[in-house]
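Colleague: In my numbering, the protein residues as written are 48 to 617.
Backbone N, C-alpha and C define an ideal beta-carbon position, used for all residues, glycine too.
#1: Say whether the segment 588-600 touches the segment 498-515, bearing in mind that this needs 3 or more beta-carbon pairs closer than 8 Å, one atom from each stretch.
#2: Decide yes or no for the touch test of the segment 55-69 against the segment 143-159: beta carbon pairs closer than 8 Å, at least 3 of them.
#3: How big is the Cα-Cα spacing for residue 121 and residue 107?
#4: Report the residue from 433, 238, 563 and 573 whose alpha carbon sits nearest the alpha carbon of residue 596.
#5: Measuring only the C-alpha atoms, how far is residue 285 from residue 334?
#6: Who pairs with residue 234 in a beta bridge, going by DSSP?
#7: Hey, residue 59 and residue 262: beta-carbon distance below 8 Å or not?
#8: Here's a check: name, in chain order, each residue in its chain whose Cβ is nearer than 7 Å to the Cβ of residue 239, leaving out the five neighbours to either side.
#9: For residue 592, write down the residues that DSSP places opposite it in a beta bridge.
#10: Can you tell me the Cβ-Cβ gap for residue 191 and residue 117, rounded? I've got them flagged as a contact below 8 Å.
#11: Taking a contact to mean a Cβ-Cβ separation below 8 Å, would you say residue 374 touches residue 320 in this structure?
#12: On the three-state DSSP scale, how would you describe residue 126?
#13: Would you mind working out which of 219, 222, 183 and 69 sits nearest residue 403, comparing C-alpha positions?
#14: By how many angstroms is the C-alpha of residue 97 removed from the C-alpha of residue 594?
#15: Which stretch, first to last residue, makes up the alpha helix (DSSP H) that contains residue 184?
#16: Counting only C-beta atoms, is residue 114 closer than 8 Å to chain B at any point?
#17: Measuring alpha carbon to alpha carbon, tell me which of 162, 338 and 180 ends up nearest residue 297.
#18: So if DSSP puts residue 356 in a beta bridge, which residue, or which two residues, is it bridged to?
#19: Using the beta-carbon count (16 or more within 10 Å), is residue 166 buried or exposed?
#20: Three or more beta-carbon pairs under 8 Å between the segment 424-440 and the segment 186-205, yes or no?
#21: Should residue 578 go down as buried or exposed, given a rule of 16 or more other Cβ atoms within 10 Å for buried?
#22: Rank 585, 392, 325 and 163 by C-alpha distance to the C-alpha of residue 423 and give the top, closest one.
#23: How many Å lie between residue 227 and residue 241 at the Cα?
#24: Does the Cβ-Cβ distance between residue 557 and residue 510 come in under 8 Å?
#25: Which residues in the same chain have their Cβ closer than 7 Å to the Cβ of residue 393, if we skip the five residues on either side of it in sequence?
#26: Is residue 557 helix, strand or coil when you go by DSSP?
#27: Considering only their Cβ atoms, is the gap separating residue 399 from residue 368 smaller than 8 Å?
#28: Find the nearest neighbour of residue 366 within the set 331, 317 and 521, judged by alpha-carbon distance.
#29: In three-state DSSP terms, what is residue 49?
#30: As a quick exercise: from 144, 194 and 159, pick the residue whose alpha carbon is nearest that of residue 179.
#31: In the structure shown, what three-state DSSP assignment does residue 611 receive?
#32: Just how far apart, CA to CA, sit residue 600 and residue 524?
#33: Answer yes if the segment 336-351 comes into contact with the segment 408-426, meaning at least three C-beta pairs across the two stretches below 8 Å, and no otherwise.
#34: Rounding to the nearest angstrom, what Cα-Cα distance links residue 530 and residue 516 in this structure?
#35: Compare the Cα-Cα distances from residue 371 to each of 324, 384 and 195 and report the closest residue.
#36: Residue 139 lies in the alpha helix (DSSP H); which residues open and close that run?
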C-alpha cells in the first residue's frame with residue numbers, strides 16, 4: 048500500500064535535488080570566465096535534459112531491474128514490474144533520475160572552458176546510459192557491493208565519486224587551459240568572473256542538499272524513520288558548517304587571508320563527505336568528517352594544481368572525487384554500529400575501501416574508452432583560437448552573456464608569447480584562390496618612400512593573436528604599446544547567427560585594441576609587420592588605422608616629440 052507521507056516527502060526531495068542544477072550552473076559560471084558563461088549554463092541545462100530520457104530509456108532498468116550481482120536488466124522505458132514498498136514506481140523513478148543527472152553535472156565544471164560542446168553532449172549521455180547505472184546497481188540496486196554490506200546512504204560514491212573520477216580523467220585528457228601554466232610549470236591564477244554567482248550557487252546547493260540527503264530516507268512513516276530523517280539533515284548541516292569554518296581558518300593561516308572561493312568549495316566538500324554516512328553517524332562523527340573535509344579539499348586543490356597539473360577550474364575533482372572518497376571511508380571509521388572508532392574493527396572500513404576501488408576501476412576504464420572514441424569522432428577539445436576568444440560565440444552564437452555590462456577579463460595577460468616567425472602560417476595555401484588584396488596582405492612589401500613624422504597606429508584584432516603581435520612588434524623595435532579589451536561591430540550579411548530565432552546581423556565580438564606611437568621607425572614597416580602576423584585570409588583578421596601625431600609629451604621628464612618616444616630605429 049502506498050503512503051501519502053512517503054510519496055510527498057520523496058517528491059519534495061526530488062524537486063530539491065533537481066534545483067541543484069541551478070546551484071551547479073551558478074557556481075560553475077561564477078568560477079569561470081565571462082566569455083564562457085553561456086556555454087556553462089547550456090551544459091548544466093542539457094545534463095538534465097539529456098540524462099532524463101537516457102535514464103528512462105535504459106539506465107533505470109540497468110540499475111534497479113533484477114537482482115544480478117553485476118548488472119540489472121534491460122527494461123526500455125521502464126515497462127517492467129517493480130516493488131519500492133510504499134512508493135509507486137514513477138515516484139521512485141523521478142527521484143533516481145535527478146540523482147543520475149547530478150552525477151553527469153559534476154563533470155562539466157572540471158572540463159570547463161575548453162571542451163567541444165558536441166563531445167560534452169555525447170559523454171554526458173554515456174554517463175546516464177551506462178556508467179552511473181551499473182555502479183549504482185552495485186551499490187543501490189541489490190548488486191554485489193550492497194550484498195557485501197557496502198554503505199553509501201545518499202551517494203558520496205554512487206553520485207559524487209563517480210562524477211569526480213570522471214571529471215579527473217576528462218580534465219587530464221583535455222589538458223590545462225591556455226595560460227594556466229607558465230614556462231616554468233608553475234600554475235597561474237585564472238580568476239572566476241563572478242563571485243556573487245558562485246556564492247549564490249553554493250547557498251542553493253546547501254539548501255537543496257537537505258533534499259539530497261534527507262529525501263534519501265524515501266519515507267516519513269513511523270517514529271524511527273522520522274527520527275532518522277532528523278538526524279540525517281542535522282548531520283548534513285553540521286558537517287557543511289564545520290568544513291566551512293575549518294577552511295576559513297586554514298586558508299587564513301596558510302595564505303595570510305581567508306580565501307573566498309576555497310571556503311565556499313569547502314562548504315560543498317563537507318556536504319559531499321557526509322552524504323555517505325549521515326544516517327549512521329552521530330553528530331560528533333559528522334563534525335569530525337566535515338572538519339577534515341574542509342582542510343582536505345584545499346590540500347587537494349593545491350595538489351592537482353601544483354603536482355598533478357590537472358587544471359580544474361571549479362575544484363570539482365577535489366570536492367566530489369576526493370571528498371566523496373573520504374566521506375565513504377568515514378562510514379568505516381565513524382559509523383556508530385561497526386565503525387572502527389566505535390569498536391567495530393576494520394571489516395566495515397575494508398568493505399568501504401573495496402567499494403571505492405571497484406567503482407574507480409569501472410569508471411576509469413569505461414570513461415577512458417568513451418573519451419577516446421568521442422575524441423576520434425568529434426574532437427574532445429576546441430581549437431586554440433576558440434578557447435582564447437571564448438566558447439560562447441563559437442559554440443552557441445552568443446556574442447556575450449552580459450549584454451549591457453562591461454566585463455573585464457585580465458587573463459589574456461597570462462598567455463605565453465609565441466615567436467610568430469617560427470612556423471607561422473601566412474595563408475600561402477590559399478594564395479591561388481585569394482584576392483589581390485589578400486595576397487598583398489599575406490606577402491607585404493615595404494615601400495621605398497617613408498613618410499616622415501610621428502604616427503599613431505591603432506590595431507583592432509583577435510585576442511588570440513595578441514601575444515604573437517607583441518613578440519613581432521618587439522622584434523621590430525617597438526618597446527611600448529597600449530592594449531585594451533573592446534568589442535568589435537561587424538555587419539556580416541548572411542552570417543546566419545540567431546538569438547531566440549531572430550538572425551543577428553550586428554555582432555559585437557570580443558577584440559583587443561593595440562595602440563602604438565612611432566617616430567624614428569617608419570610606420571610602413573610596422574604596418575607590414577602587423578599585417579604579416581594578423582593575416583589568416585578569413586573574416587575578422589582586424590583593421591589597422593594610422594593617424595598623424597602633432598605632439599607627444601612625456602609627463603615625467605617633460606621631453607617632447609621624438610625625444611618622448613621610446614622606440615628606436617634598428
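Modeller: Let me spell this out:
#1: Touching, yes.
#2: By the Cβ criterion, the segment 55-69 is in contact with the segment 143-159, since at least three pairs of Cβ atoms, one from each stretch, lie closer than 8 Å.
#3: Looking at the backbone, the Cα of residue 121 and that of residue 107 are separated by about 9 Å.
#4: Selected option, being the one with the closest Cα: 563.
#5: Each residue's alpha carbon lies about 6 Å from the other.
#6: Bridge pairing for residue 234: 228 [DSSP].
#7: In contact: residue 59 and residue 262 (Cβ atoms closer than 8 Å).
#8: Hits under 7 Å: 77, 78, 79, 245 and 308.
#9: Bridge partners of residue 592: 505.
#10: So it is a contact: roughly 7 Å between Cβ atoms.
#11: Yes, they are a contact pair.
#12: Here DSSP, grouped into helix, strand and coil, assigns residue 126 to coil.
#13: Comparing Cα positions, the closest option is 183.
#14: Their backbone Cα atoms lie some 54 Å apart in a straight line.
#15: First-last of the alpha helix (DSSP H) with residue 184: 179-187.
#16: You won't find chain B in this structure, because it holds only one protein chain.
#17: Ranking 162, 338 and 180 by Cα distance to residue 297 puts 338 first.
#18: According to DSSP, residue 356 bridges with nothing at all.
#19: Around the C-beta of residue 166, 16 or more other C-beta atoms lie within 10 Å, and the residue is accordingly described as buried.
#20: Between the segment 424-440 and the segment 186-205, the count of Cβ pairs shorter than 8 Å is below three; the stretches do not touch.
#21: Residue 578 is buried by the Cβ-count criterion.
#22: Cα-wise, what sits closest to residue 423 is 163.
#23: Cα-Cα distance, rounded: 19 Å.
#24: Taking 8 Å as the Cβ cut-off, residue 557 and residue 510 qualify as a contacting pair.
#25: The beta carbon of residue 393 sits closer than 7 Å to those of 387, all from its chain and outside the five residues before and after it, given in chain order.
#26: In the structure shown, residue 557 sits in a strand (DSSP, three-state: E or B).
#27: Contact annotation: residue 368 and residue 399 have beta-carbon atoms that are not nearer than 8 Å.
#28: With distances taken between Cα atoms, residue 366 lies closest to 317.
#29: Coil, per DSSP.
#30: Of the candidates 144, 194 and 159, the one whose C-alpha sits nearest the C-alpha of residue 179 is 144.
#31: In the structure shown, residue 611 sits in a helix (DSSP, three-state: H, G or I).
#32: One C-alpha to the other measures close to 20 Å.
#33: Cβ pair count under 8 Å is below three, so no.
#34: C-alpha separation (whole angstroms): 11 Å.
#35: Answer by Cα proximity: 324.
#36: Note, residue 139: alpha helix (DSSP H), 136-157.
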